[in-house]
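Engineer:
Protein chains in written order, with this note's numbering: chain L, 20 to 181; chain Z, 2 to 275.
(1) Would you mind reading off the limits of the alpha helix (DSSP H) that contains residue 123 of chain L?
(2) Is the shortest distance between the beta-carbon of residue 34 of chain L and the beta-carbons of chain Z less than 8 Å?
(3) For residue 61 of chain L, which option in Z/251, Z/208, Z/14 has the closest C-alpha, if you only look at C-alpha atoms?
(4) According to DSSP, residue 193 of chain Z sits in a beta bridge with which residue or residues?
(5) With a cut-off of 8 Å on the beta carbons, I'd call residue 243 of chain Z and residue 195 of chain Z a contact; round off their distance for me.
(6) Use the C-beta contact count for residue 163 of chain Z: other C-beta atoms within 10 angstroms, 16 or more gives buried, fewer gives exposed.
(7) Please list the residues of the stretch 123-147 of chain L that have a C-beta atom closer than 8 Å to any C-beta atom in chain Z, keeping them in chain order.
(8) Determine, using beta-carbon pairs with one atom in the stretch 63-74 of chain L and one in the stretch 43-52 of chain L, whether at least three such pairs fall under 8 Å.
(9) Going by Cα to Cα distance, which pick from Z/11, Z/217, Z/119 is closest to residue 139 of chain Z?
(10) Helix, strand or coil: how does DSSP classify residue 159 of chain Z here?
(11) Beta carbon of residue 161 of chain L, beta carbon of residue 58 of chain L: below 8 Å?
(12) At the 8 Å Cβ level, is residue 128 of chain Z part of the contact set with chain L, yes or no?
(13) Within the same chain, show all residues whose beta-carbon is closer than 7 Å to that of residue 134 of chain L, passing over the 5 residues directly before and after it, in chain order.
(14) In whole angstroms, give me the CA-to-CA distance for residue 225 of chain Z and residue 64 of chain Z.
(15) Quick one: using the 10 Å Cβ neighbour count with 16 as the cut-off for buried, is residue 231 of chain Z buried or exposed?
(16) Pull up the DSSP beta-bridge partners for residue 126 of chain Z, would you.
(17) For the alpha helix (DSSP H) containing residue 68 of chain L, name the first residue and the last one.
(18) Looking only at its chain, what residues have a beta carbon closer than 8 Å to the beta carbon of residue 184 of chain Z, apart from the 5 residues adjacent to it on each side?
(19) With DSSP collapsed to three states, give me the class of residue 10 of chain Z.
(20) Less than 8 Å between the C-beta atoms of residue 53 of chain L and residue 72 of chain L, yes or no?
(21) What residue from Z/119, Z/59, Z/83, Z/154 has the CA that sits closest to residue 128 of chain Z's CA?
Here you go:
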């Protein structure tokens, strides 16, 4: 239910919120973070691909961009949760939340995954057309905007048990 | 045995990752050259359904802005009518009849935008008119406030337009005050463009108006494009003019597809000479 709401919000963001050429606003990393950690990697990758493809299809996007970035992010969910949260603890959690792991661990965890998503997305979108300075600036500004949004949503929506 | 099954799992995971990424990359490749609109016909028809709904909402929200633009356009047309009326008073009846009997160089097909991308590197527009309405590939798309793009692909009911907000697209533009011309391209940011290859000795000032030159079979001459905001010397041999475009691509809805009535004849001569 929560994931469906976030997908709708993401489609609205894509279609109606213009953030300029330097900022790409996305909830997709957060949607992937919200998928239960009990799923195996193949299932997580397939769900991420489907959600990315759905967002590409119904919103203002190049088909394949979000799905490529989503699959890449899904691939790193478990390794990064092991690095940032620790293996034993993250295996026990259904999905890491702010209240479970604390602000700084959650911040690092979502930062790495957001960066993986944004780097994949922006490189596929811009590489070969835009100078490196533009790409770096876009990644940096998009990261700042997205991490604020992700933390805000995490505090307000995801911090409860659903 | 346990180790083997673990290895198989890892291998399958890698294969799945490569497969999904591969599908995504193929989709992106096809889509970035979607100028081949027909290849993606089915997907686009699904998307156009969603776009239409979205655009209706956007249109409803932009009603006031749209009305202001139409009012301004009406005012401009009234001014032109009064200029023409004055001109007609000054010419003889024979001259007026002789002029009126000819056909204009250009005909226009009114169209509505159902999809408009503005925040990509290569933006595009989908129009609600297609080959059934007489639209063909290579036709220009304009409004009273400037050029919008060039038709890249046509289906019976829709047209795919490569927007001017495209770093690889250029239009022949001229400085209105002295008719010196050069290619104008979008800078990639906002409503800003640059006119390149202007001879260094040209007298040009900030605030000068830029319009289409008419040196192409695609766009009519003298469509206002924008105002010069900066003049820079390039390698001491040419000038590069920064231009703030009149056209607000975010508020676009109603456009005209340009048919050059002599376009085919011009192309035929060009092809013969080549």
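Cβ coordinates follow ideal geometry from the N, Cα and C atoms, glycine included.
Please read these numbers as outputs of a predicted model, since none were measured by experiment.
Structural biologist: The answer reads as follows:
(1) 122-145
(2) yes
(3) Z/14
(4) Z/245
(5) 6 Å
(6) buried
(7) 143, 144, 145
(8) yes
(9) Z/217
(10) coil
(11) no
(12) no
(13) 162
(14) 24 Å
(15) exposed
(16) Z/117, Z/162
(17) 60-77
(18) 171, 172, 173, 174, 196, 197, 198
(19) helix
(20) no
(21) Z/154
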